[in-house]
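Reviewing the structure listed below.
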Amino acid sequence: MWASERFRNLVAQVALVLLIVAIGGYAAHNLVHNLESRSITIGFSYLWHEAGFDISEKLLAYDPTNSYGRAFVVGLLNTLFVSAVAIIAASILGLAIGVARLSPNWLLARLASGYIESVRNVPLILQLLLWYGVITDVLPPAADALRFGPVYLSQRGASLPWPEPHGAWSAALLGLVAAFVATLWWWRRARRIQMQRGRAPAVVWPGLLFFVAFPALGWALLGAPTGLSTPVLGGFDFEGGKNVSPEFMALFLGLSIYTAAFIAEIVRGGILAVPKGQTEASEAIGLSRGQRLRLVILPQALRVIIPPLTSQYLNLTKNSSLAVAIGYPDLVSVSNTTLNQTGQAIEAIALMMAVYLTLSLAISGLMNWYNHRVKLVER
Amino acid sequence: MSTLRPVVHRAPSERVLAWLRANLFSSPANTVTTVLVVALIAWLGGRFAEWAVLDAVWGKAGVAACNALAGEGACWAVVAEKWRQMLFGIYPPAEQWRPAAAVVLLCAMLVVSAMRGFWRPWRFAGVWIVGTAICAWLMGGGLGLARVETAQWGGLPITLMLAVYGTFLAFPLGVLLALGRRSQLPIIRSVSIAYIELVRGVPLITVLFMASIMFALFLPEGISFDKLLRAQVAIVLFNAAYIAEVVRGGLQALPRGQYEAADALGLGYWKTQLLVILPQALRITIPAQVNSFIDNFKDTSLVIIVSIFDFLYAVKQSVVSDLDWRHYFIEGYLFAMAIYWVFCYAMSRYSQWLERHLNRDRRS
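If you're matching them up, the sequences are chains A and B in order. When we follow this note's numbering, the leftmost residue of the first sequence carries the number 55, and every step to the right adds one. When we follow this note's numbering, the leftmost residue of the second sequence carries the number 395, and every step to the right adds one.
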């Protein structure tokens with residue numbers, strides 16, 4: 055019987071299952087015993103208990119009397135927010151450095167590669183600590199803040215003017231979303247027309263128009279408020295305006311500068327991956343420099359760039375968990391406080407992991423869909 | 395590919411000029427860029443040199459000398475004063491030659507392993523087993539050396555150990571997971587996929603939390619593991635998933651013919667893998683493995699969050715917790731950055747060299 059491969063395969067698989075069940079069972083047995091002796095009840099009911107700790111930064115109304123569940127959501131939103139902002143900055147910086155790395159100017163190319171080599175060979179957490187230290191210790195106290203126009207920089211972070219809260223601003227935000235949808239629609243229409251008639255209507259200018267007009271329209275319709283709240287020094291800190299905390303600034307700077315180095319290498323690789331013949335061929339059929347880049351080089355480079363780029367975005371999101379080292383109240387930070395206060399270690403860590411896992415799986419799912427769409431259709 | 399060009403002999407000065415013209419002043423835009431970059435480098439570099447070199451306090455000087463500068467110059471005195479704490483943490487000062495020797499030994503083992511003459515299983519295993527035993531003896535004591543508990547270990551040796559053993563011990567597990575992921579057996583395949591995707595989907599920090607807080611709950615009462623060991627296990631389990639993906643890349647790159655040839659010879663699954671597939675697949679993944687080692691080396695610094703005394707924590711603690719010196723943490727962090735950078739940069743150059751080297755071999 056042992057000679058039959060099917061039998062051996064079956065045995066191997068059954069053995070693996072038994073091993074997992076045995077280890078799991080043993081761990082579960084110990085767990086139940088340990089929780090009993092520490093009088094912790096397992097379950098997620100703690101999420102509805104009063105949290106009792108404050109969170110310094112929140113996108114959602116929150117105070118210490120709110121529940122642990124709400125604190126968790128506030129932390130999650132902070133993670134998503136800082137990741138989103140840093141992803142945008144890292145992409146722009148990374149694109150610029152990647153292109154600079156390929157510049158015909160030797161000095162500029164060296165400078166870009168110097169940036170890449172020095173940033174990516176140092177642990178991110180060390181960079182975060184350095185940025186945080188520089189902001190909180192090297193910048194002047196609020197009373198002698200550095201001033202750049204209406205923006206103040208000090209140990210308390212950055213203070214900038216911000217519009218007074220008003221319904222019109224929400225309308226403007228809605229207008230932005232509408233502009234995005236409209237541009238997408240216009241772009242698809244332009245592509246269809248190009249396919250049919252070989253000549254595409256302009257896309258960039260109408261798109262820009264949408265992005266300016268729609269938010270402006272929303273803002274104007276609801277009363278066009280112009281009230282700005284400007285930061286004013288009062289005692290030891292600024293009042294009014296918008297304050298960007300040192301924690302957020304350090305995390306934002308650290309994440310975007312670090313990830314930009316990796317994105318730059320990806321951009322460079324992508325551009326180099328398009329064969330030179332493609333440029334020559336598009337020159338030969340008389341495309342202008344802009345058309346060449348837009349219609350021939352970029353679509354092909356993007357096919358190479360997007361997959362590793364997404365995984366960098368994912369890395370950035372996961373790396374935002376280092377916020378806990380400098381005290382920015384992200385998901386991990388809030389969960390850590392919750393865990394220390396309630397002792398519900400398993401639930402808190404499981405929730406945390408579930409969130410990151412969901413993000414990862416969702417993004418890789420999107421990625422697979424994209425890869426499938428742009429895959430070369432060969433003969 | 396190469397076209398024949400007429401050889402033109404030029405004087406060296408002429409060649410330099412031609413190079414400058416081609417690379418820095420080929421067009422008006424290029425010239426403007428050059429001027430701007432030179433200005434930027436001169437301004438930033440000048441300010442940095444002034445702070446870090448010209449106005450700095452060098453050598454062993456009291457904190458008063460640094461305070462007198464009022465931030466105008468760097469205070470390297472903090473490194474001169476505390477470098478032993480930074481490198482070795484709270485290891486008993488009289489015994490600090492031991493972690494120093496362990497670091498040198500670990501680095502030597504890494505360098506030796508980087509040489510191709512050493513890529514023979516027995517030589518490799520021999521060096522690492524003997525070297526590891528000596529390291530453990532140096533760090534922990536016994537046999538004529540004073541005992542030092544792991545709670546007192548700290549600094550650079552910890553960082554190196556976490557990185558090196560975090561990769562080596564993860565390697566076999568990673569290979570098994572990679573084979574499991576490509577296996578025909580549905581249960582083994584799905585368990586491997588689940589493990590790899592689960593671990594790769596979460597940040598290392600959550601795994602470290604798990605090891606430092608949650609792990610104790612799953613063990614029988616009274617049994618507890620060393621904190622350092624738990625972090626090491628977490629790093630091993632984390633790395634295994636990443637190594638598995640690198641190995642899978644190597645497995646996928648092998649042509650089908652290799653499997654078919656092994657089948658034709660009548661080799662079974664394990665013989666096929668061990669004698670035919672893995673030797674070739676692992677070889678092409680070596681540069682990628684070095685890169686994942688670099689990531690791992692940087693990532694070990696995360697253990698600072700679960701209060702393990704690695705190099706970064708030792709640097710931070712030695713400066714920030716000292717009321718006199720605590721404002722000179724920037725110099726401390728720059729020192730730490732320099733050390734991390736030297737390690738990572740050297741390894742990344744090695745990986746690039748290796749990639750070219752192995753490719754050259756393959757073509758011949």
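C-beta: ideal position from N, C-alpha, C; glycine also.
N-terminal and C-terminal residue of the beta strand (DSSP E) that residue i is part of
i, result
"A/VAL205", "205–208"
"A/ALA105", "Element bounds for A/ALA105: n/a, residue is neither H nor E."
"A/VAL286", "286–288"
"A/ARG357", "Here A/ARG357 belongs to no beta strand (DSSP E); instead the alpha helix (DSSP H) covers 352–373."
"A/ASP291", "291–293"
"A/SER49", "With chain A covering 55 to 433 only, the question about residue 49 of chain A has no answer from this structure."
"A/PHE202", "200–202"
Unbroken alpha helix (DSSP H) run spanning residue i, endpoints
i, result
"A/PHE41", "Residue 41 of chain A cannot be examined here, being either before or after the span of chain A that is shown, 55 to 433."
"B/ALA564", "564–575"
"B/ASP718", "Per DSSP, B/ASP718 belongs to no alpha helix (DSSP H) and is neither H nor E."
"B/ARG677", "672–693"
"A/HIS426", "399–428"
"B/ALA436", "422–443"
"A/ILE94", "Segment: none, A/ILE94 is in no alpha helix (DSSP H) and carries neither H nor E."
"A/GLU334", "330–338"
"A/TRP172", "It should be noted that the sequence gives Ser, not Trp, for residue 172 of chain A. 160–174 is the span of the alpha helix (DSSP H), which, as asked, contains A/SER172."
"A/ARG124", "122–155"
"B/SER701", "Per DSSP, B/SER701 belongs to no alpha helix (DSSP H) and is neither H nor E."
"B/ASP657", "650–658"
"B/GLU475", "471–482"
"A/SER389", "385–396"
"A/VAL235", "221–251"
9 Å Cβ cutoff met for residue i and residue j
i, j, result
"A/LEU147", "B/VAL431", "no"
"A/GLN398", "A/ILE179", "no"
"B/ALA635", "B/LEU668", "no"
"B/GLN578", "B/ILE484", "no"
"B/ALA496", "B/LEU481", "no"
"B/ILE599", "A/LEU376", "yes"
"A/GLU218", "A/LEU282", "yes"
"B/GLN674", "B/LEU648", "yes"
"A/ALA327", "A/LEU276", "no"
"A/LYS355", "A/ILE170", "According to the sequence shown, residue 355 of chain A is Ala rather than Lys. In this structure, A/ILE170 does not lie closer than 9 Å to A/ALA355 by Cβ."
"A/SER299", "A/GLY211", "yes"
"A/PHE107", "A/GLN395", "yes"
"A/MET38", "B/VAL596", "Here chain A covers residues 55 to 433 and nothing more, so residue 38 of chain A does not appear."
"B/MET741", "B/ILE671", "no"
"A/GLY323", "A/ILE359", "yes"
"A/ALA222", "A/ALA278", "yes"
"B/VAL506", "B/VAL524", "no"
"A/ILE141", "A/THR371", "yes"
"A/PRO194", "A/THR284", "no"
"B/LEU556", "B/LEU631", "no"
"B/ILE528", "B/LEU602", "no"
"B/LYS621", "B/THR526", "no"
Contact belief for residue i with residue j at Cβ below 8 Å, rounded distance in angstroms
i, j, result
"B/ASN685", "B/SER745", "6 Å"
"B/TRP452", "B/TRP470", "5 Å"
"B/ALA468", "B/ALA450", "4 Å"
"A/ALA379", "A/LEU184", "No, A/ALA379 and A/LEU184 are not in contact; Cβ-Cβ is about 11 Å, not under 8 Å."
"B/THR425", "A/LEU161", "That belief does not hold up - the Cβ atoms of B/THR425 and A/LEU161 are roughly 11 Å apart, past 8 Å."
"B/VAL569", "A/LEU70", "The Cβ separation is near 16 Å, so there is no contact."
"A/ASN84", "A/LEU113", "Contact flag wrong, Cβ pair sits at about 40 Å."
"A/SER213", "A/GLY295", "5 Å"
"B/VAL473", "B/ASP718", "B/VAL473 to B/ASP718, Cβ: 14 Å. No contact."
"A/GLY129", "A/PRO329", "Not quite, the Cβ-Cβ distance comes to about 47 Å (not below 8 Å), so this is no contact."
request  = Decide yes or no for the touch test of the region 194–211 of chain A against the region 262–281 of chain A: beta carbon pairs closer than 8 Å, at least 3 of them.
outcome  = no
ask   = Looking at C-beta atoms only, is the number of pairs between the region 352–368 of chain A and the region 551–567 of chain B that lie closer than 8 Å three or more?
value = no
Residues of the region 585–597 of chain B whose Cβ lies closer than 8 Å to any Cβ of chain A, in chain order = VAL585, GLU591, LEU592, ARG594, GLY595, VAL596, PRO597
query = Below 8 Å, can you find three or more Cβ-Cβ pairs linking the region 304–315 of chain A to the region 131–142 of chain A?
reply = yes
query = Do the region 406–424 of chain A and the region 115–124 of chain A touch if we need at least three Cβ pairs shorter than 8 Å?
reply = no
ask   = Is the region 89–105 of chain A in contact with the region 394–411 of chain A, if contact means three or more CB pairs nearer than 8 Å?
value = yes
inquiry  = Can you confirm whether the region 703–715 of chain B touches the region 726–740 of chain B when touching is taken to mean that 3 or more C-beta pairs between the two stretches lie within less than 8 Å?
reply    = yes
query = Can you find at least 3 beta carbon pairs, one from the region 85–93 of chain A and one from the region 609–618 of chain B, that sit closer than 8 Å?
reply = yes
ask   = At a cut of 8 Å, does the region 627–647 of chain B reach the region 708–718 of chain B through at least three beta carbon pairs?
value = no
query = If you measure beta-carbon to beta-carbon, which residues of the region 716–739 of chain B are closer than 7 Å to chain A?
reply = HIS721, PHE723, ILE724, TYR727, ALA730, MET731, TYR734, TRP735, CYS738, TYR739
Contacting positions in the region 174–199 of chain A - beta carbon closer than 9 Å to chain B = ARG174, ASN175, VAL176, PRO177, LEU178, ILE179, LEU180, GLN181, LEU183, LEU184, GLY187, VAL188, ASP191, VAL192
key: Residues within the region 598–611 of chain B neighbouring chain A, beta-carbon criterion of under 7 Å   = ILE599, THR600, PHE603, MET604, ILE607, MET608, LEU611
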